[in-house]
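Here the structure comes first, spelled out in structure tokens, and everything after it is commentary.
Protein chains: 2
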Amino acid sequence: MSQFEITKKNKVVRGAKRATYDEQKIYDILDAGFLCHVAFNINNQPFMIPTAYGRRGDLLYIHGSVKSRTIKNIAKGVPVCLAVTHLDGLVLARSAFHHSVNYRSVIIYGTAVEVTERSDKNDALYCITENILKGRWEETRKPNDKELDITGVLAIKIESASAKVRMGGPVDDQEDYDLDIWAGHLPLNTCFGKPVSDEKLKNGIEISPSVEKKLC
Amino acid sequence: MSQFEITKKNKVVRGAKRATYDEQKIYDILDAGFLCHVAFNINNQPFMIPTAYGRRGDLLYIHGSVKSRTIKNIAKGVPVCLAVTHLDGLVLARSAFHHSVNYRSVIIYGTAVEVTERSDKNDALYCITENILKGRWEETRKPNDKELDITGVLAIKIESASAKVRMGGPVDDQEDYDLDIWAGHLPLNTCFGKPVSDEKLKNGIEISPSVEKKLC
């Protein structure tokens, strides 16, 4: 079982019993999502953006316009911190103090390398697109050279990482279990609703298989 | 209509037509959520955590253990960047390039002040708890002095902010509308599932009103 080295940077200080540094568990949490937040500094001012990602091995790909502040600054090789958080529910204790949430959360530390070759960019965009909606890439009109040239793609190598996971019901103080207060947990579910076809859709075009597979 | 001053820091560089600096629109996006990501620096290394928040006016409250790295470091008054992101759906274009997501996203810049008085801490925790689940505070056993003393509470003043919103279907290149590819958008819904009562719940305790109101 491979795990990330525990250092001062990635060590989970609080709630250590909920922490893991196991590589596969961290990858599983990453692969369950496609939206991350990426933080970086410019002159000691933190900046952050939400963006889509795809993973291949220990690389996370993100993309944006070549003109974007994030892409331009991160491409310089500055340290970045990347977070992926799945909120799984509310934990409702008898005491206000012991309220919590259920979650699966990963924090990644790394530096970015700009992906410059068109074929590598295309491959990274495939990885991101397929992570958002498996099977979609093959259904679409692929990027042309002009589109690849105006898209900035970054590969962030996962140098250090940690995860935290909380599941299940509340834990109250012993003396509070006798209180007449409802306690438990409330799962939070996300699911896709009914697809809305583009108003300019040609007649006779069926919903694509990649979308069909996502419907509840 | 009050809006945040547009400066170099909060100016949305890319997708500017999706941007807003309007105070009420930014507050509406904040009030629609309770999970944020907070980024800060230590020695030019960005750190980030996901955490719950509550808003009162131009203050955002967050909390954690007084021993946590985040609370200890942010309490020193360092600049922070805070993000709240609602993912509303997938936007599926005919071309891979024009794929997107629908979202409501806010980025906040500010500095934190530590809340130290017990009554002020209690009030901030009320604000956070009620933002997570309206009506829950009154149902619970309130924090005692010991609990307040080991809880670190920070008030982040919103000094600068911007929001971005994307809604609706895809926009494709003119020549792509003739392709036989399904295009449209796929709404993403989040809703609470069936409440799970704590296994140690006393007999005869009904699910509380705050929870009942949240059920789909």
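Quick mapping for you: the protein sequence lines, in order, are chains W and X.
Under the numbering used here, read the first sequence as residues -2 to 213, first letter to last.
Under the numbering used here, read the second sequence as residues -2 to 213, first letter to last.
Where is the CB? At the ideal position from N, CA and C, for every residue including glycine.
These numbers come from a predicted model, not from an experiment.
{"Query": "Within its chain, find whatever has a CB closer than 7 Å to the CB of W/Gly30; leave out the 5 residues flanking it on each side and keep chain order.", "Result": "Val81, His83"}
{"Query": "So is W/Tyr50 in contact with chain X if we call contact Cβ pairs under 7 Å?", "Result": "no"}
{"Query": "Determine whether the Cβ of X/Phe189 lies closer than 7 Å to any Cβ atom of chain W.", "Result": "yes"}
{"Query": "Under 8 Å between beta-carbons, which chain X residues line up against W/Cys78? List them in chain order, please.", "Result": "Ala36, Gln42, Pro43, Phe44, Met45"}
{"Query": "Using Cβ-Cβ distances below 9 Å, what residues of the region 189 to 206 of chain X are close to chain W?", "Result": "Phe189, Gly190, Lys191, Pro192, Val193, Ser194, Asp195, Glu196, Lys197, Leu198, Lys199, Gly201, Ile202, Glu203, Ile204, Ser205"}
{"Query": "Report all residues from its chain with a CB closer than 8 Å to the CB of W/Gly166; omit the five preceding and five following residues, and keep chain order.", "Result": "Val88, Ala180, Gly181, His182"}
{"Query": "If you measure between the beta carbons of W/Leu145 and W/Arg115, is that distance less than 7 Å?", "Result": "yes"}
{"Query": "With distance defined between alpha-carbon atoms, name the residue in X/Thr137, X/Val208, X/Tyr174, X/Pro184 nearest to W/Lys199.", "Result": "X/Tyr174"}
{"Query": "Nearest to X/Lys211 by CA position, among W/Val9, W/Pro184, W/Leu176, is which residue?", "Result": "W/Pro184"}
{"Query": "Do three or more CB pairs link the region 23 to 39 of chain W to the region 32 to 48 of chain X at distances below 8 Å?", "Result": "yes"}
{"Query": "Using only the alpha-carbon positions, how far apart do X/Pro43 and X/Asp28 sit?", "Result": "26 Å"}
{"Query": "Cβ closer than 8 Å: which chain W residues qualify as neighbours of X/Asn186?", "Result": "Thr187, Cys188, Phe189, Gly190"}
{"Query": "Could you compute how far the alpha carbon of X/Glu209 sits from the alpha carbon of W/Gly86?", "Result": "15 Å"}
{"Query": "Which same chain residues, not among the five before or five after W/Lys22, have their C-beta less than 7 Å away from its C-beta?", "Result": "Ala160"}
{"Query": "So which residues on chain X does W/Phe94 lean against when the C-beta distance must stay under 7 Å?", "Result": "Pro140, Glu144"}
{"Query": "Please say whether W/Val63 and W/Gly149 have beta carbons closer to each other than 7 Å?", "Result": "yes"}
{"Query": "Using a Cβ-Cβ distance under 7 Å, would X/Val10 count as near chain W?", "Result": "yes"}
{"Query": "Since X/His60 and X/Ala121 are thought to touch, with beta carbons under 8 Å apart, how far apart are those beta carbons, to the nearest angstrom?", "Result": "7 Å"}
{"Query": "Establish whether the CB of X/Gly181 and some CB of chain W are separated by less than 7 Å.", "Result": "yes"}
{"Query": "Should X/Gly190 and W/Asn186 be called a contact, given that it needs their Cβ atoms to be closer than 7 Å?", "Result": "yes"}
{"Query": "Candidates X/Gly74, X/Lys197, X/Glu20: which alpha carbon is nearest X/Ser217's?", "Result": "Outside the shown range of chain X, which is -2 to 213, sits residue 217 of chain X, and nothing can be said about it."}
{"Query": "Can you give me the C-alpha to C-alpha distance between W/Asp25 and X/Ile155, rounded to a whole angstrom?", "Result": "35 Å"}
{"Query": "Are there 16 or more other CB atoms within 10 angstroms of the CB of X/Asn41, so buried, or fewer, so exposed?", "Result": "exposed"}
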